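From first to last, the protein sequence lines are chains A and B. The first sequence maps to residues 52 to 521 in the numbering used here. The second sequence maps to residues 52 to 521 in the numbering used here. Quick reminder that beta carbons are idealized off the backbone N, C-alpha and C, glycines included. Please read all numbers here as calculations on a predicted model, not as lab measurements.
Number of protein chains: 2
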Amino acid sequence: MKLYEKLADEIEQAVRRGVFVAGERILSIRQASQQHGVGIKTVLHAYALLESRGVVETRPQLGYFVRELAEPQAARNPVVPVTAVASEVDVSRLVLATLRSIRAQDAVPLGSPYPDPTLFPWRRINQYANAIARRHSNWNLIDDLPPGNPELIRQIARRYAENGVPVDPGEIIITLGATEAINLSLQAVAKPGDTVAVESPTYYAMLHAIERLGMRAIEVPTHPADGIDVDMLARIIDQQKIAACMVMPNFQNPLGFQMPDERKKQLVDLLAAHDIPAIENDVYQELYYGETRPSTLKNFDKKGLVLHCASFSKSLTASYRIGWAMPGRYRAQVEKLKFLNTLTTPSVPQVAVADYLRNDGYDRHLRNVRKVYRQQARIMSAMVLRFFPAGTRISTPQGGYVLWVELPERVDSMRLYQAALACSITIGPGTMFSTRNDFRHFIRLNYSYPWNAQTEAALRTLGELVATMA
Amino acid sequence: MKLYEKLADEIEQAVRRGVFVAGERILSIRQASQQHGVGIKTVLHAYALLESRGVVETRPQLGYFVRELAEPQAARNPVVPVTAVASEVDVSRLVLATLRSIRAQDAVPLGSPYPDPTLFPWRRINQYANAIARRHSNWNLIDDLPPGNPELIRQIARRYAENGVPVDPGEIIITLGATEAINLSLQAVAKPGDTVAVESPTYYAMLHAIERLGMRAIEVPTHPADGIDVDMLARIIDQQKIAACMVMPNFQNPLGFQMPDERKKQLVDLLAAHDIPAIENDVYQELYYGETRPSTLKNFDKKGLVLHCASFSKSLTASYRIGWAMPGRYRAQVEKLKFLNTLTTPSVPQVAVADYLRNDGYDRHLRNVRKVYRQQARIMSAMVLRFFPAGTRISTPQGGYVLWVELPERVDSMRLYQAALACSITIGPGTMFSTRNDFRHFIRLNYSYPWNAQTEAALRTLGELVATMA
Numbered sequence: 052m053k054l055y056e057k058l059a060d061e062i063e064q065a066v067r068r069g070v071f072v073a074g075e076r077i078l079s080i081r082q083a084s085q086q087h088g089v090g091i092k093t094v095l096h097a098y099a100l101l102e103s104r105g106v107v108e109t110r111p112q113l114g115y116f117v118r119e120l121a122e123p124q125a126a127r128n129p130v131v132p133v134t135a136v137a138s139e140v141d142v143s144r145l146v147l148a149t150l151r152s153i154r155a156q157d158a159v160p161l162g163s164p165y166p167d168p169t170l171f172p173w174r175r176i177n178q179y180a181n182a183i184a185r186r187h188s189n190w191n192l193i194d195d196l197p198p199g200n201p202e203l204i205r206q207i208a209r210r211y212a213e214n215g216v217p218v219d220p221g222e223i224i225i226t227l228g229a230t231e232a233i234n235l236s237l238q239a240v241a242k243p244g245d246t247v248a249v250e251s252p253t254y255y256a257m258l259h260a261i262e263r264l265g266m267r268a269i270e271v272p273t274h275p276a277d278g279i280d281v282d283m284l285a286r287i288i289d290q291q292k293i294a295a296c297m298v299m300p301n302f303q304n305p306l307g308f309q310m311p312d313e314r315k316k317q318l319v320d321l322l323a324a325h326d327i328p329a330i331e332n333d334v335y336q337e338l339y340y341g342e343t344r345p346s347t348l349k350n351f352d353k354k355g356l357v358l359h360c361a362s363f364s365k366s367l368t369a370s371y372r373i374g375w376a377m378p379g380r381y382r383a384q385v386e387k388l389k390f391l392n393t394l395t396t397p398s399v400p401q402v403a404v405a406d407y408l409r410n411d412g413y414d415r416h417l418r419n420v421r422k423v424y425r426q427q428a429r430i431m432s433a434m435v436l437r438f439f440p441a442g443t444r445i446s447t448p449q450g451g452y453v454l455w456v457e458l459p460e461r462v463d464s465m466r467l468y469q470a471a472l473a474c475s476i477t478i479g480p481g482t483m484f485s486t487r488n489d490f491r492h493f494i495r496l497n498y499s500y501p502w503n504a505q506t507e508a509a510l511r512t513l514g515e516l517v518a519t520m521a
Numbered sequence: 052m053k054l055y056e057k058l059a060d061e062i063e064q065a066v067r068r069g070v071f072v073a074g075e076r077i078l079s080i081r082q083a084s085q086q087h088g089v090g091i092k093t094v095l096h097a098y099a100l101l102e103s104r105g106v107v108e109t110r111p112q113l114g115y116f117v118r119e120l121a122e123p124q125a126a127r128n129p130v131v132p133v134t135a136v137a138s139e140v141d142v143s144r145l146v147l148a149t150l151r152s153i154r155a156q157d158a159v160p161l162g163s164p165y166p167d168p169t170l171f172p173w174r175r176i177n178q179y180a181n182a183i184a185r186r187h188s189n190w191n192l193i194d195d196l197p198p199g200n201p202e203l204i205r206q207i208a209r210r211y212a213e214n215g216v217p218v219d220p221g222e223i224i225i226t227l228g229a230t231e232a233i234n235l236s237l238q239a240v241a242k243p244g245d246t247v248a249v250e251s252p253t254y255y256a257m258l259h260a261i262e263r264l265g266m267r268a269i270e271v272p273t274h275p276a277d278g279i280d281v282d283m284l285a286r287i288i289d290q291q292k293i294a295a296c297m298v299m300p301n302f303q304n305p306l307g308f309q310m311p312d313e314r315k316k317q318l319v320d321l322l323a324a325h326d327i328p329a330i331e332n333d334v335y336q337e338l339y340y341g342e343t344r345p346s347t348l349k350n351f352d353k354k355g356l357v358l359h360c361a362s363f364s365k366s367l368t369a370s371y372r373i374g375w376a377m378p379g380r381y382r383a384q385v386e387k388l389k390f391l392n393t394l395t396t397p398s399v400p401q402v403a404v405a406d407y408l409r410n411d412g413y414d415r416h417l418r419n420v421r422k423v424y425r426q427q428a429r430i431m432s433a434m435v436l437r438f439f440p441a442g443t444r445i446s447t448p449q450g451g452y453v454l455w456v457e458l459p460e461r462v463d464s465m466r467l468y469q470a471a472l473a474c475s476i477t478i479g480p481g482t483m484f485s486t487r488n489d490f491r492h493f494i495r496l497n498y499s500y501p502w503n504a505q506t507e508a509a510l511r512t513l514g515e516l517v518a519t520m521a
């Protein structure tokens, strides 16, 4: 790589990382020459290259200015035939194998479902846990039996109330992560053989819940910008019996959209009209990029048909596996199933999280995490568009920490996954997010980890692999 | 209470607690008078009372000697009609309500299902947990995905191997307590609507597993001395389709028996002949009163039909909820169900227990616990026989820490439970251990807590309540 190219890359990266923001003037030719210890000519070459890349623009007499980065293109929504038949679900083997492969600790973890833990207040929470453990007795096991530790329940209810979500603390049941909350919610409202409507693509935990109970899934087209196609869902409901609908209205994994309030209301009303329960997975609720926490389906639920599920795994600590359900009118059933399924959620982690929430800077922590993710979403998006071949399209995440990438149609994401693994890079193959083959040429990328040279090299390699396969 | 009665009680308690053992001489009249600072006459009265109670005997010219305590009578085995129909299971509400009532922390916890934690090395395990938490990262979450932490699995396998149980570490799957192990095992081998054979009485977790999956239970008479009636089970199998058999061959809760090897083999052979899987709950395996750890059904299993479930909750720490399954030929299904059910068992507790097992005195701890429980079993047995009215019969626990008490037939254990609760005493009503009404006049008592004046008073009160109701 030539010296001027190196300089151009360096400046572009700084822009991508938000060091320089749109409209800001960068160093003059002379200043840059001094600063970087290179000749005037090299800087001129570098700036010309940056201009051709659309990173900066010249304004006569004023100098070089950072341009607005091009808006990433939204991924196309694959057309899903409405006549689709409900299918049996068996994706867990693939998902487990994929998760296991992430074990290779020196791999670049673009396929990880977990957020980068280094941003999390793990030390602080553990100090609480340690203090609690010292005064812990078996009585706590009994105190914190389902529905769970009363103070933790109160703290969770308080956060909802502060965000305008109507919550009765008596409705909350602590679970082992959102996984268990979703499983129990589904078991409370549907039985083996029933058909359940899910988004397409959908987060695989939803498919796991269906698979676990031997139900059938019907996939409803879901738009990367605003969520499940409610009209299509209405037509499906007219055609067949749907026992429940499972959705992720905020920052869906993998698409990253936030359903607009109007759409959420429309969905809740449609389901209410047919008395169909809605299982809402809201694990990314705290990781919004906008000004305020988004609404939930609960905000529009008049009949108690929404079973709201969430956890602290994506926003505070994945290791404690503390989740909860607010199951509306199905509260008694879910509480009973929780007791039957795992008896109780371990007590020390429940109390540690409650203590942290009461005493510590959870909001400050969240503000920081949101800022970082929002920033890294921009970087990851720009880098994918830069390194991947033409025909690549990406989502525009409005929260969370994953990017959904549509590759040229000939690329098989499972083959890409294998090839990437051989280069110590993991990705989330699109096949994990559906019972069908619609997302064979899609991948999910985790951008929660700090952007660095290794990530950039990995993305460049991925881009090359995709280009070869396309 | 008169002075001589107080002295007699004090000495009797010392005997019950094993301070003086059978055949040992106690203080002479003169020595006792000096020692206790009371008159000769008081001691004479006290010793006479003790003689009349059968606690001591006089040997002419030699003095007063401790007598062998009367052997407790074994509880009768209620006769269960073999024509019994499989019944729907719905006991969880009662059990949860009972567990919750134990929350009253100043109540005497005779109804608690948990062992007294003060004997457990909680501090030590927490030191490990704290050390692990400090170096923990999200990678551990992935490393310890199902089947679980490799070192913990190895340590568990090592203990089995050392006790002559044939184990392939690759068969072990870490779960959230034995509860989850039992649930997943049952789900792996049977489906909703199937009929499952259980002991009668049975540990309620077995009934919960059946209830959770919408199966039916058929109860097989189970003898307090040697376990499930294998001949009766054979006849039931001849009459109807049994999808699985759930048993607790060692120190069954509530009966406390240890099935003799011959019976275990007979049971395994019977089930193997009909290709019926056996779910073995062996959570009390380490709490034996004999010389060596008892055999398991695994020892006799040639066809991989035994799904063995256990945990550390009864012998090391109830708070960590670390259990495991060794599901024989059903390994793949159970591992998949574990992943679907709760994704993973929290990592830090897994590693903390592994570290403790590798570095610490687990065997020394267990030797101590066994000694204490064996001793307290004797005290509790003697006290029940002393305070409860005629017609009371008790089990002879060979391990674990619960006593099964048959009350005079007119006593309703649920009414007794309510009356006891009003006196700040909890008990385990017999109705929790069956889907039928056979054990209405039985109760389960926990004797893991150190025997003291409060416990003795509680037992006296219980005895009075029973006498009133009888």
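Interface annotation for the region 386 to 402 of chain B against chain A: GLU386, LYS387, LEU388, PHE390, LEU391, ASN392, THR393, LEU394, THR395, THR396, PRO397, SER398, VAL399 and PRO400, criterion Cβ-Cβ distance under 9 Å. Among the residues of the region 251 to 281 of chain A, those with a Cβ less than 7 Å away from any Cβ of chain B are HIS259, GLU262 and ARG263, in the order of the chain.
Distance between TYR452/A and TYR424/A, taken at the CA atoms: about 6 Å. Listed in chain order, the non-local C-beta contacts of ASN234/B below 7 Å within the same chain comprise ALA260 and ARG263, local neighbours out to five positions each way being set aside.
Per DSSP, the unbroken alpha helix (DSSP H) holding ALA405/A starts and ends at 398 to 410. Only residues of its own chain outside the window of five on either side were considered, and among them LEU321 have a CB closer than 8 Å to the CB of ALA285/B, listed in chain order. The C-beta of ILE153/B comes closer than 8 Å to at least one C-beta of chain A.
The three-state secondary structure of ILE327/A, taken from DSSP, is coil.
The beta carbon of THR230/A sits closer than 8 Å to some beta carbon of chain B. Rounded to whole angstroms, the separation of the alpha carbons of PRO168/B and PRO252/A is 48 Å.
Looking at the DSSP output, TYR165/B sits in no beta bridge, so it has no partner there.
Chain order gives no chain B residues near ILE233/A, where near means a beta carbon separation below 7 Å; the closest approach is about 10 Å. The C-alpha of GLU139/B is placed about 7 Å away from the C-alpha of ALA268/B. Taking a contact as a CB-CB distance under 8 Å, the pair LEU192/B and THR396/B does not count as one, their CB atoms being some 10 Å apart. The alpha carbon of ILE77/A has as its nearest neighbour, out of GLU56/A, HIS96/A and VAL107/A, the alpha carbon of VAL107/A. Taking the CA atoms as reference points, ARG185/B sits about 30 Å from MET431/A.
Annotation for ILE153/B: PRO160, GLY162, SER163 and THR477 place their beta carbon closer than 8 Å to its own, counting only its chain and skipping 5 residues before and after. For HIS87/A, the closest Cβ of chain B is not nearer than 8 Å. Shortest Cα-Cα distance from LEU358/A to any of PHE390/A, VAL240/A, MET465/A and THR93/A involves VAL240/A. At a cut-off of 8 Å, the C-beta of ASN200/A has no neighbouring C-beta in chain B. Counting along the chain, THR246/B sits inside the beta strand (DSSP E) bounded by residues 246 to 251. The criterion of a C-beta distance shorter than 8 Å is satisfied by VAL435/A and VAL456/A. Using a CB distance cut-off of 8 Å, LEU145/B does not count as an interface residue toward chain A. For THR486/A, there is no enclosing alpha helix (DSSP H), as DSSP gives it neither H nor E. At a cut-off of 8 Å between beta carbons, SER475/A makes no contact with chain B. Counting C-beta atoms within 10 angstroms of its own C-beta, GLU313/A has fewer than 16 neighbours from the protein chains shown and is therefore classed as exposed. Around GLN291/B, the same chain offers no residue with a beta carbon nearer than 6 Å, after the five sequence neighbours per side are excluded. Around LEU192/A, the beta-carbon contacts reaching into chain B at under 7 Å are TYR165, ALA369 and SER370. Here LEU258/B has VAL140 and VAL142 as same chain residues with Cβ atoms under 6 Å from its own Cβ, once five neighbours each way along the sequence are excluded. In the DSSP assignment, TYR255/B is bridged to no other residue. Annotated as proximal: PHE302/A and GLN449/A, with beta-carbon spacing under 8 Å. Residue-level contact by beta carbon holds for ASN177/A and chain B, with a gap shorter than 8 Å. Under a criterion of Cβ atoms nearer than 9 Å, no residue of chain B is adjacent to ALA294/A; the nearest Cβ is some 15 Å distant. HIS96/A has no beta-bridge partner at all, per DSSP. Ranked by Cα distance from ALA518/A, the first of LEU467/A, LYS57/A, PRO166/A and PRO172/A is LEU467/A. The residue from GLY74/B, LEU145/B and SER362/B with its alpha-carbon nearest to that of VAL117/B is GLY74/B.
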